[in-house]
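Per the UniProt record's numbering, the sequence shown starts with residue 1, numbered consecutively.
Quick reminder that beta carbons are idealized off the backbone N, C-alpha and C, glycines included.
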Amino acid sequence: MSAHYPAQHSSAPHGAPSGGHPQGGAPVPDSYFTESKKGEVNELRNLLRNFATERNPKRKRDIIKKVIAYMTLGIDVSRLFTEMMLAIETRDLVIKKMVYLYLCNYAYSHPELAQMCTNTLQKDCGNEDPMVRGLALRSLCSLNLPQMVEYISEPLRKSLQDHHAYVRKTGVMGILKLFYLDQQAFQECNFTDILYDMLRDVDPTVVANCIRVLNEVMAKTENGGMAINRAIMLHLLNRIHEFTEFDLVCVLELVPRYIPANAEEGYQIMNLLDPVLKSSSSATVLATVRAFLSMVESIASTPEEMQEIKQQIVARVKAPLVTLVASGSNESCYVLLKQVETLVELCPGSFDDEYRQFYTRFSEPTNVKYLKVQILPLLANPDSAPDIVAELAETVNDNNKHLSRLAIQSMAKIACRNTGGPGAAESIAQRMVDFLDFNVQHIQSEAATGLTLMVRKHPDLKPVCCQSLARSLRYVEEGEGKASIIWLLGECCDLVQDAPYALEKLIDDYDNIKDVRVKQSLLNATMKTFFARSPETQRMLGRLLMKVTDDVSSQDLHDRGLLYYRLLRSGADPTTVLKHVISNSKSVIPADVHFTEDDDKELRAELMTEFDSLATIYGKASVNFIKPEYQVVYKKMPPEHPLELGAGSSAGAAAAQVPMAPQDMPQPAAVAAAAPPPVDDMVGDLLGFDTPAPAAPAPAASSAPTLSLAMDATMSGEVYQEKWGAICSDADAVVEMVGLPSVPTATSTIESALAGIGIKTMASGQTGPGEFKLYLFGIDNDGSVILIQANISDSGGEALMILTIKIESAAAATEKASLLVPIIQNALR
């Protein structure tokens, strides 16, 4: 940026010489050029002063853009605050937004200027344009100054009742800013209760913002987030199709914190969430998977049943996850693969038929390739193991050394886990022996390490492994690989004729060996060879023990050599003491025992509780990378469910005998149609967590509630609307589900079937592909008016009708609703 210097003849005081110094030669102070009429900031001031008279809209935007650009570059343009305040009087939303940005930036860094913009922002909060109202409110709440609290509260309260959804959702987020600015003022305004009320807002974005704010505000409470009950869950799940993918994640994250009343309700929730698996958003799919897994404990009663349901869940979500892995970006692909890896370990064999989807591609980044190669051994079975091993063998030749090492390690894991079927271990061992002859150091070293693990698990592979050990020992230079070959020579000393002589060369060159692992393996291998071939090994063993006991590079090596030496000198029978210590050690692992590094059941169980989080990506619990003060402990709710756990369906005694554990996922229509038990003590609205609704008067024991609908019932649309709002709130209405044979092509078939039982249609229509809504009514013979809102949709291949039932002037409205459900079920069959 070129510097502009003030013209001295125009700015120097009278009598000052032209050289820039006042008379007497004193230096000019910094304030001397403050009122210069040239320079970037002063030029902008001149442009802003003519802003009101500028008629070109593009020119106006360019002026404000230039101010914002200077501000972004770190140039102090706070001197233009007054002129920018005047520029806010415009109908151009782009200019307004940039001016708001300027005001918020300098109001925070220059608190004395905040008071100047407060009145302007408050005035714009009442603008006729909802976009201006929302932008002004967001800017007012973003000033982030304690002295602004008194000016924020009232515009916030008004915005929550605004008729435009953009203003309401902006106001909800403004409440969160007020919470962090002044929690006492937040509590005095009773915004928590207001937010719970707004969960019933007609706009789903407003509802999602309420959930976010409530979760953050109540994160440090005993609940670890917003309080939830059955009324809230039913309300949100019934509207789940209205939310965008981003907002849907907020709703889905509440499901794992909810305790279903019984197994039926758990299956119904899963059926409602099943269509979300068709989403193209990986976030919503993973959140749905977590919600499914959270329902297992509520549905199953035995460990065997829990594992069976987990298998069914993973089988259901497999196709969406594989599709997202194949079509997603590199970043999302890695995240999805980590979640898939967790699911494969949770339910072994579930992804085996999709093993080809985990082959590496040339264009993939290295982290994705690494993860795919690590997952492939988990997918091996007798049918797929030959293809997987062949693919991994090709990957061994990759130029990426780490990927090549991982491929060899994966092949060894297939052999060690016995998942490749008969003959697989021998085939892989032969490939490893071939790799030992490669003239590539990292391949030779990793192959030797893999053979070591395989021999420890399968001692019968020794004849295959011993073919080229003595020859390979001369070429392998990496410490771990050399130590592995020496260990194999000790194990196969009775099969390798040159084993003692190959070890003797290393003993003679002991002083040049720097790697402690090589020295330890040499000591152990020589001791094992001594017991198998004593005459050939005795003298070289003595030389080795002398060198080891004098070696001070490793205390462990020194102590072990001293122990062996003293045992030999003690005169003890080698066959009873030392041979037991050396030859019968734990170096050979039984086939039914896993290596310690592979036995991570506790860690996997802990990670499953944090599925779909960073814990899965990092492979460690969140307590290891999140400080305690930032930990949020979620609590499942409600602790005391309004329904008795294990209760039957509200559709009558016969429906209570419906089996609660189906064999297949998703649940069949007959079971999915069973309605959840009614809420007799549910709160009067979405707020009343502490104040239960007054209980309905109990009917006399001698007169059970009955239902007999009048066939000639009539009602006008105005009366219907009036009664719908007057009977009770939507949260108090009885919500039931009814299974349908199939999604109707039109509402006429439903209307005619219901008309035959006395339920008439007020209005109906199609709300989307395969989705219908009907407003129904009926009149009981005792004069009770029954109003029904029915939503029909396809839920994962199962046609469901969700009924919201309101009954007027009934002493046992809930019982009447429970009698109505089976009547409707029979009519629609």
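DSSP lists I786 as the bridge partner or partners of G778.
Residue pairing for N791: DSSP places it in a beta bridge opposite K773, I802. Residue range 469-473 is occupied by the alpha helix (DSSP H) that includes A470.
Membership of E736 in the beta strand (DSSP E) is indicated by the continuous run 734-740. If you look at M71, you'll find it in the alpha helix (DSSP H) that goes 57-72. Judged by DSSP in its simplified three-state form, S427 adopts helix. Of the residues K338, I88, F81, C125, the one whose Cα lies closest to the Cα of S109 is F81. Distance from the CA of M306 to the CA of I299, rounded to the nearest whole angstrom, comes to 8 Å. Around L819, the same chain offers L707 as residues with beta carbons nearer than 6 Å, after the five sequence neighbours per side are excluded.
In this structure, the straight-line span from the alpha carbon of A605 to that of S301 is close to 18 Å.
Annotated as proximal: S764 and T747, with beta-carbon spacing under 8 Å.
Rounded to whole angstroms, the gap between the alpha carbons of R79 and C210 is 39 Å.
Excluding its 5 nearest sequence neighbours in each direction, V249 has C-beta neighbours in its own chain below 7 Å: A283, T284, A287, listed in chain order.
Closest option to K723, judged by alpha-carbon separation, among I88, T745, I786: I786. Bridge partners of Q766 according to DSSP: F772. M84 sits in a helix when the DSSP states are folded into three classes.
Around the beta-carbon of M711, fewer than 16 other beta-carbon atoms lie within 10 Å, marking it exposed. Taking C-alpha positions only, S279 is separated from P320 by approximately 8 Å. DSSP places I617 inside the alpha helix (DSSP H), whose first and last residues are 614-618. In the structure shown, L709 falls within a strand segment according to DSSP collapsed to helix, strand and coil. Rounded to the nearest angstrom, the Cβ distance from D612 to L709 is 47 Å, too far for a contact under 8 Å.
Under the DSSP assignment, D203 falls outside any alpha helix (DSSP H); it carries neither an H nor an E label. About 7 Å separates the beta carbon of L237 from that of I269, a gap short enough to meet the 8 Å contact definition. With a beta-carbon spacing of about 6 Å, S384 and D352 fall inside the 8 Å limit used to define contacts. The C-beta of V94 has fewer than 16 other C-beta atoms within 10 Å across all chains shown, which makes the residue exposed. Less than 8 Å divides the Cβ of R829 from the Cβ of P741. Residue pairing for K760: DSSP places it in a beta bridge opposite F777. With 16 or more other Cβ atoms from the protein chains shown falling within 10 Å of its own Cβ, Q312 counts as buried. G479 and L557 have their C-alpha atoms spaced approximately 16 Å apart. Beta-bridge partners of M637 (DSSP): Y258.
Counting every other CB atom within 10 Å of its CB across the protein chains shown gives Q444 a total of 16 or more, marking it as buried. For M715, no alpha helix (DSSP H) segment is defined, and its DSSP state is neither H nor E. For a cut-off of 8 Å, the C-beta gap from C465 to A429 is around 6 Å, short enough to register as a contact. By the beta-carbon neighbour count (other beta carbons within 10 angstroms, threshold 16), H458 is buried. Within the same chain, and ignoring the five residues on either side of Q520 in sequence, the residues whose Cβ sits closer than 6 Å to its Cβ are L557. A Cβ-Cβ separation of about 5 Å places I388 in contact with L376 under the 8 Å criterion.
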